[in-house]
Amino acid sequence: MSNQSAAASAKAPLFGVIAEFGSPAEVYHAAEKVRDAGYKRWDVYSPFPIHGIESAMGIGDSKLGWIAFFGACAGVFGGFGLQFWVHKFAYPLLIGGKPMVAYPAYIPVTFEPGILFTAFATLLGMLVLNGLPRFYHALFRSENFRKVTDDGFFIGIEAKDPKFSVESARALLESIGGKNIEVLED
Amino acid sequence: MILHRDDDPSQRPVLLETSSFHEVTEIIAGPTETPLTTTWILLLMLSGSLMLLMAGLFGYLFWEGTGIWGINMPVAWGWDIVNFVWWIGIGHAGTLISAILFLFRQKWRTAINRFSEAMTIFAVMCAGVFPAFHVGRVWVVYYIFPLPNQMGAWPNARSPLFWDVFAISTYFTVSLLFWYMGLIPDLATMRDRARGTRRFVLSIFAIGWRGAARHWQNYERAYLILAAISTPLVLSVHSIVSFDFAASKVPGWHTTIFPPYFVAGAVFSGFAMVANLLIIAREVFGFKKVVLMHHLENMNKFMLLTGSLVGYAYAMELFIAWYSGNLYERFAFYNRALGEFWWSYWWMVSCNVLAPQLFWFKAIRRNLWAVFVICIFINIGMWFERFVIVITLHADFLPSSWGYYRPSWVDVFTFVGTFGLFFTFFLLFLKFLPQLAIAEVKGAMPEADPHHLPSAGHSAGGAHH
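Here it is, written out as structure tokens:
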């Protein structure tokens, strides 16, 4: 099976090599070794987030907080600005003798758009950072990889990594306890 | 030193009997793949009929106008606003469980969070229809939003009704986004178990999720941010709903205690509703392994706390009415307790203040029949609380303008119909989506910790974190 894929790989572009691991602990320690071997374009795949895997993989912090922050700013300034503009310029309507710019009364509709825009920025930002939605992916070629959303733990080293070669990646994954190793076309 | 609580059985979220991730998948995703049962179809037909009843009555209102409801002067807000506030309050427990308990790292919440988030969304839908139709001309209901229009007119941003529009629509939208984001990994689980058309459909909703660690990292951060913003959101929503009353000058409404009192009452009724639904679902769907007795007991303790807070608020309202020395304020409360609507006040007090005090007793907290009945009474009591507040309008300042209020048959059956709307969506959710958060349940198991040792319990897990 894997020989055939390797042979086919001579023609078709490669996605990379994936290997399966037995437990969160195994994949965690295997990830530390892949990190130490100097790979950059690789990932761990698991049915749930594994606590502390970022440090085992040597990847930095998520940038999502910044996106959410800009969403919050847009909502807060947009909400307040809308009310200010409506009552000061667009439609100055005297109701009950209240001042036009009654800023304490603007707080709820400053707060709520702040929350709303943060939520949209967070969800959409998460999708953009993750490159989702993506309905086609090389990993979906693998029948065994379907376990990843059930009880399978995988490491995949991508062909785009500058250090990548099928032989060395396969050898590394084997040496750190990977099973069911597959070479996947892109 | 922080004790790891994973070994404490009361902190184990679910599935005490299993340490297998696959079994978790089977138990939760399995029921979505079985054929429809006759019971389910009958229940759906029943709730669907009630939903159609609601739709028909709103159609009647669309044609005739709001005169077919019992509302008139002086009680211009009737059952529709009572029902609106009641349904919104029901939803609050869902957000509390999904967001606030998440921030406090209460792992037991994974047994109930998906369930209660679904409840939130459907309850807010039931709530939203009332003010939408109460405006009378529902075909121009978009006027409530600040949209540019040919008249150059804008809503009044200094009005609590405008704040309410933003609070409720933000609440619904954020709850829906939060819920959908939580569903993505579980939809991927269902996708990977499916073939054919089912796989195709699930693939679309699972948006290509493949469990990559770099994805999980952003996903977990997104979850944290959404939980962190949902917490002040849920507190703000019922506060703003209470401003609809508190920012007016009506005696009995114009009080500063309203925001916290409304929030406590909302969480109170929401927990009662979650408990009712869970007690049924656990019997019907065989979830006894999943939703454990101590989960229900924890919820009962929440109801005891929030019920006592509500009782304190009632007492404080009475005290302030007396202490203020304001004639109208004093009369409003005297009239609530001893006036024409005295029965609604005492329904409220007995259901909301007295009934939850039974939860001091462990034997009652663990007796599901008792819990079920008390929770029903709590929801009746919370409905009466809103009724008591709204109906204060019947006798405000001048005795010449006092009046009585009676709901019309349309009011009653519209309210009954919203249960059809709620249960139709709830039944569809129970059948077609995972009722528990699969990935979260797995992540909360001790076996999910990369430093977990299979036999020796929990090792010193702090080293790498």
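Line by line, the protein sequences are chains A and B. If you use our numbering, the first sequence corresponds to residues 379 to 564, in order. If you use our numbering, the second sequence corresponds to residues -9 to 455, in order. All C-beta atoms, glycine included, are put in the ideal place defined by N, C-alpha and C. Remember, it's a predicted structure, so these values are computed and weren't measured experimentally.
Of the listed residues A:V544, A:L494, A:V405, A:D528, nearest to G453 (chain A) (C-alpha basis)
A:L494
Please list the residues of the stretch 511 to 537 of chain A that have a C-beta atom closer than 7 Å to any C-beta atom in chain B, keeping them in chain order. P511, R512, F513, H515, L517, R524, V526, T527, D528, D529
Q.
Within 8 Å, do at least three Cβ pairs link the stretch 405 to 412 of chain B to the stretch 36 to 45 of chain B?
A. yes
Can you find a C-beta in chain A that's less than 8 Å from the C-beta of R148 (chain B)?
yes
* Provide the residue span of the alpha helix (DSSP H) that contains Y313 (chain B), from first to last. => 283 to 313
### Query
Considering only C-alpha positions, which residue in the set B:I31, B:T29, B:W53 is nearest to W129 (chain B)?
B:W53
Check the C-beta distance from Y161 (chain B) over to V114 (chain B) and give it rounded, since I have them as a contact under 8 Å.
6 Å
_Could you compute how far the alpha carbon of I270 (chain B) sits from the alpha carbon of Y335 (chain B)?_
30 Å
### Message
Would A429 (chain B) and F462 (chain A) be called neighbours here (beta carbons separated by less than 8 Å)?
### Response
no
>> For H429 (chain A) and R355 (chain B), I'd like the C-alpha separation in whole angstroms.
In response: 35 Å
For N508 (chain A), which three-state DSSP category applies?
helix
Q) What's the C-alpha gap between P222 (chain B) and L167 (chain B)? A) 16 Å
* Measure how close the beta-carbons of T527 (chain A) and G201 (chain B) come, nearest whole angstrom, since I'm counting them as under 8 Å. => 6 Å
Exercise. Determine whether the Cβ of V487 (chain A) lies closer than 8 Å to any Cβ atom of chain B.
Key: yes
Given this structure, state the Cα-to-Cα distance separating E490 (chain A) from W144 (chain B), to the nearest angstrom. 18 Å
### Task
Would you tell me roughly how many angstroms separate the C-alpha atoms of E307 (chain B) and P25 (chain B), rounded to the nearest one?
54 Å
**Asked** Where does N508 (chain A) land, buried or exposed, given buried means 16+ other C-beta within 10 angstroms?
**Response** buried
**Asked** Shortest alpha-carbon distance to W76 (chain B) belongs to which of B:T110, B:V400, B:I364, B:V281?
**Response** B:T110
Quiz prompt | Contact check, L299 (chain B) vs A236 (chain B), beta carbons under 8 Å | solution = no
Beta-bridge pairing of L392 (chain A) - partner residues as DSSP gives them:
A:E563
| In whole angstroms, what is the alpha-carbon distance linking F455 (chain A) and H82 (chain B)? | 27 Å
Less than 7 Å between C-beta atoms, sequence neighbours within five positions excluded: which residues of the same chain meet that for M504 (chain A)? L442
message: Just to confirm before moving on: does the CB-CB distance between E398 (chain A) and N558 (chain A) stay below 8 Å?
response: yes
*Based on the DSSP secondary-structure assignment, which residues constitute the bridge partners of K557 (chain A)?*
A:E398
Query - Runs of alpha helix (DSSP H) wholly within the stretch 95 to 132 of chain B (minimum 4 residues, chain order) - result: 103 to 124
Exercise for review: Compute the distance between the beta-carbons of F412 (chain B) and C116 (chain B), then report whether it is under 8 Å.
Suggested key: yes
TODO: State the CB to CB distance for the pair G457 (chain A) and K541 (chain A), rounded to an integer number of angstroms; the pair is presumed to be in contact (CB under 8 Å).
DONE: 50 Å between Cβ atoms; not a contact.
Inset, instruction - Excluding the 5 residues preceding and the 5 following K291 (chain B) in the sequence, name in chain order all residues of the same chain whose CB lies nearer than 8 Å to its CB. - result: F349, R355
message = Under 8 Å, CB to CB, which of the residues in the stretch 114 to 140 of chain B have a partner in chain A?
response = P136
Counting only the same chain and skipping the five closest in sequence on each side, list residues whose C-beta sits under 7 Å from that of V479 (chain A).
F462, H465, K466
Check your understanding: Could you give the uninterrupted runs of the alpha helix (DSSP H) lying entirely in the stretch 321 to 394 of chain B, keeping only those of 4 residues or more?
Key -> 332 to 339, 352 to 355, 358 to 381
Give me the subset of the stretch 212 to 237 of chain B whose CB atoms are less than 7 Å from a CB atom of chain A, sorted by chain position. A212, I215, L216, I219, L223, S226, I230
field: Chain-ordered chain A contacts of L167 (chain B) [CB-CB under 9 Å]
entry: A497, F498, T500, L501
* Asked: Quick one, which residues of the stretch 187 to 214 of chain B are near chain A if we go by CB-CB under 8 Å, in chain order?
  -> S193, I194, I197, G198, W199, R200, G201, A202, A203, R204, H205, W206, Q207, N208, Y209, E210, R211, A212
Using only alpha-carbon positions, find the residue among A:A446, A:L562, A:S543, A:S553 that is nearest to F408 (chain A).
-> The amino acid occupying residue 408 (chain A) in the given sequence is Ala; Phe does not appear at that position. Per the Cα distances, A:S553.
Practice item. Can you give me the Cβ contacts of D564 (chain A) inside the same chain, cut-off strictly under 8 Å, excluding the 5 residues immediately before and after it? Key: A390, P391, L392, F393, A516, A537
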